[in-house]
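S.K.: Using my numbering, you'd call the opening residue of the sequence shown number 202 and step up by one each time.
Using N, Cα and C, we set each Cβ at its ideal position, and we do this for glycine too.
These numbers come from a predicted model, not from an experiment.
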Amino acid sequence: MKPSEFIHPEDAAALRQLEGIPGFPSLVKKFYALGYEKLFYGTNMASNIRLSENQLPELYRHLPPICKKLGIPEPEFYLEMNPIPNAYTFGDTHIFITVTSGLVEMMTPDELDAVLAHECGHILCRHVLYHNMANLLINGADAFGLLGMLTVPIKYALLYWQRKSELSCDRAGAIVTSPETIARVMVRLAGGPKSITDTVDIEEWAKQADQYEAIRNDGVWNKTLQTYAVMGTDHPFSAVRVREILKWEKSTQYQKIRESLSVAAEGGCPNCHKPVDPDWQFCRHCGAKIK
202 MKPSEFIHPE DAAALRQLEG IPGFPSLVKK FYALGYEKLF YGTNMASNIR
252 LSENQLPELY RHLPPICKKL GIPEPEFYLE MNPIPNAYTF GDTHIFITVT
302 SGLVEMMTPD ELDAVLAHEC GHILCRHVLY HNMANLLING ADAFGLLGML
352 TVPIKYALLY WQRKSELSCD RAGAIVTSPE TIARVMVRLA GGPKSITDTV
402 DIEEWAKQAD QYEAIRNDGV WNKTLQTYAV MGTDHPFSAV RVREILKWEK
452 STQYQKIRES LSVAAEGGCP NCHKPVDPDW QFCRHCGAKI K
């Protein structure tokens, strides 16, 4: 799977704008020099439980098939005791995914797969480094002497891009599971466990995003207020994410991906869909890489 096959156009556009900010490459180098990655990797290693075939294997086994399907190296996988449902990916040289006990308890197995696939989408799209930079700038970059007139616009540019990047990774989760599963995850995170939210009408909820857009676009002042309300957040509003993923489900791009995955599972070429020999590295019909 290539990011270009599913990346949200607003994600791609925001990343181009971000990388065009003067001084951004210097900030990236400064970020590397801080040792922040090793600090957080060490504290995560010491405080959370690393999952494996020997450590909570039933939970661990959710991850390898997802990595294989998306075509990424398997990251380290951790469990954190925290009643708040959450999952995050961190690192550049030592990439790991951490899920909280609250998330595991709240999600059904396929919903947990969707969350893990979303996190793997960040790895596939190479989002992780910039996400980590955004978190550093938000959560105490002044302690490292980084905050100043230069970093404030970079911080908000990172956050804007980060919100758009989540839309791409919802698509990665939908590829591994389904758009409906991604929508159910959003229902759980917005309204609570299945025992409360199992009968939520997802299409009806998605309409709330349209109503929100109507409020947001009702004059310059309302647009300014809504922009201010979201500019410091790192995720889009849940109803907006649901509307976006349900819209993408109807796209030719999504249908083509599902068809390619189905053909690949049956032993065909994921590009031209023609039969291929198991020993071929490249399709002899179209030249696409198979393995």
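Do the segment 317 to 325 and the segment 373 to 390 make contact, defined as three or more Cβ pairs closer than 8 Å?
M.R.: Short answer: they touch.
S.K.: Just the C-alpha distance for Arg485 and Lys203, rounded to the nearest angstrom, thanks.
M.R.: Roughly 21 Å separates the two Cα atoms.
S.K.: How do the segment 265 to 282 and the segment 290 to 304 stand: do at least 3 beta-carbon pairs fall below 8 Å, yes or no?
M.R.: Touching, yes.
S.K.: Helix, strand or coil for Leu280, going by three-state DSSP, please let me know.
M.R.: Strand at Leu280.
S.K.: Name the residue from Tyr361, Glu414 and Val300 whose alpha carbon lies nearest to the alpha carbon of Val431.
M.R.: The residue with the shortest Cα to Cα distance from Val431 is Tyr361.
S.K.: Buried or exposed for Ala415, going by 16 or more other Cβ atoms inside 10 Å?
M.R.: With fewer than 16 Cβ atoms within 10 Å of its Cβ, Ala415 is classed as exposed.
S.K.: Can you grab the Cα-Cα spacing for the pair Phe297 / Phe241, in whole Å?
M.R.: Going from the Cα of Phe297 to the Cα of Phe241 covers about 11 Å.
S.K.: Is Asn167 buried or exposed, if buried means 16 or more other CB atoms sit within 10 Å of its CB?
M.R.: Since the displayed the chain opens at 202 and closes at 492, residue 167 lies outside it and no answer follows.
S.K.: In the DSSP assignment, the alpha helix (DSSP H) including Thr428 goes from what residue to what residue?
M.R.: From DSSP, the alpha helix (DSSP H) with Thr428 extends over Val421 to Met432.
S.K.: For Phe297, does the three-state DSSP call read helix, strand or coil?
M.R.: Strand, per DSSP.
S.K.: Taking 8 Å as the threshold, find out whether the segment 379 to 396 comes into contact with the segment 322 to 329 through three or more Cβ pairs.
M.R.: Taking 8 Å as the limit for Cβ pairs, the verdict is that the segment 322 to 329 does not touch the segment 379 to 396.
S.K.: With distances taken Cα to Cα, identify the nearest neighbour of Leu264 among Ser227, Thr244, Val300 and Asp480.
M.R.: The option with the nearest alpha carbon to Leu264 is Val300.
S.K.: Return the chain-ordered list of same chain residues with a C-beta closer than 8 Å to the C-beta of Ser452, the five sequence neighbours on each side being excluded.
M.R.: There are no such residues.
S.K.: Using 6 Å as the cut-off, classify the Cβ of Val300 as near or not near the heavy atoms of the ligand ZN, replying yes or no.
M.R.: Judged by which ligands are present, the structure shown has none, so any question about the ligand ZN falls away.
S.K.: Of the residues His436, Gly322, Lys475 and Gly393, which one's Cα is nearest the Cα of Lys270?
M.R.: Taking only the C-alpha atoms, the option nearest Lys270 is Gly322.
S.K.: Tell me which residue opens and which closes the beta strand (DSSP E) that Thr290 is part of.
M.R.: Here the beta strand (DSSP E) through Thr290 covers Ala288 to Phe291.
S.K.: Please list, in chain order, all residues of the same chain as Tyr413 whose beta carbon is under 6 Å from its beta carbon, the five residues on each side excluded.
M.R.: Nothing meets the Cβ criterion.
S.K.: State the DSSP-derived secondary structure class of Ser253, mapped to helix, strand or coil.
M.R.: Looking at Ser253 - three-state DSSP - the assignment turns out to be strand.
S.K.: Who are Phe483's beta bridge partners in DSSP?
M.R.: Answer is Lys490, bridged to Phe483.
S.K.: Please report how far the alpha carbon of Asn283 lies from the alpha carbon of Cys370, in whole angstroms.
M.R.: Roughly 23 Å between the two C-alpha positions.
S.K.: Between which two residues does the alpha helix (DSSP H) containing Thr244 stretch?
M.R.: Segment Tyr237 to Ser248, the alpha helix (DSSP H) holding Thr244.
S.K.: If the criterion is Cβ atoms closer than 7 Å, does the pair Ile273 and Ile208 meet it?
M.R.: For Ile273 and Ile208, no; Cβs fall outside 7 Å.
S.K.: Assuming Ile397 and Val443 form a contact by the criterion Cβ under 8 Å, report the distance between their Cβ atoms to the nearest whole angstrom.
M.R.: Incorrect: roughly 17 Å between the Cβ atoms, too far for contact.
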